[in-house]
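Please read the structure below before turning to the comments.
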Amino acid sequence: KESLELDISRGKSVLDVLKNISGVEVKKMGEKEFITSIDGEHGYYLYEVDGRVPDVPIGEYILEKDSKVKIKKLLPVSKKEIDIQIK
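Following our numbering, the numbering of the sequence shown begins with 234 at its first residue and continues without gaps.
Structure follows, in structure tokens:
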């Protein structure tokens with residue numbers, strides 16, 4: 234786990250912050266942008282701000298105060314396995 238500290242201007246989005254960090258890849262899909270890779274490790278990622286998952290895309294979450302942003306990779310976890318028999 235890598236920890237960084239950045240100084241930014243008030244009113245910047247989480248996306249603006251991520252664009253200044255090497256190794257973070259963001260792609261636009263439709264109208265939204267998604268984190269698709271960190272340090273070459275592709276996958277699905279979500280972000281938290283101060284321990285909470287926002288309900289807006291990274292480009293729309295505006296940082297107004299000192300905050301801690303965490304990027305977490307979603308890992309596939311099996312919840313159900315279904316054996317299907319064809320007659």
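Don't be surprised by glycine CBs; every beta carbon is placed ideally from N, CA and C.
Taking C-beta to C-beta, are E266 and G292 nearer than 7 angstroms? yes
Which residue from K313, P287, L296 puts its Cα closest to that of S246? Considering only alpha carbons, the answer is L296.
Report, in whole angstroms, the separation of the C-beta atoms of Y278 and K234, which I expect to be a contact under 8 angstroms. About 14 angstroms separates the two Cβ atoms, so there is no contact after all.
Note the first and the last residue of the continuous beta strand (DSSP E) segment covering L279. 277-282
Leaving out the 5 sequence neighbours to the left and right, which residues in its chain are closer than 7 angstroms to L248 when beta-carbon positions are compared? V259, E266, I291, G292
What first and last residue would you give for the alpha helix (DSSP H) that runs through L239? Counting along the chain, L239 falls outside any alpha helix (DSSP H), and DSSP gives it neither H nor E.
Where the beta strand (DSSP E) containing V257 begins and where it ends: 257-262
Straight-line CA distance for V257 to G263? 19 angstroms
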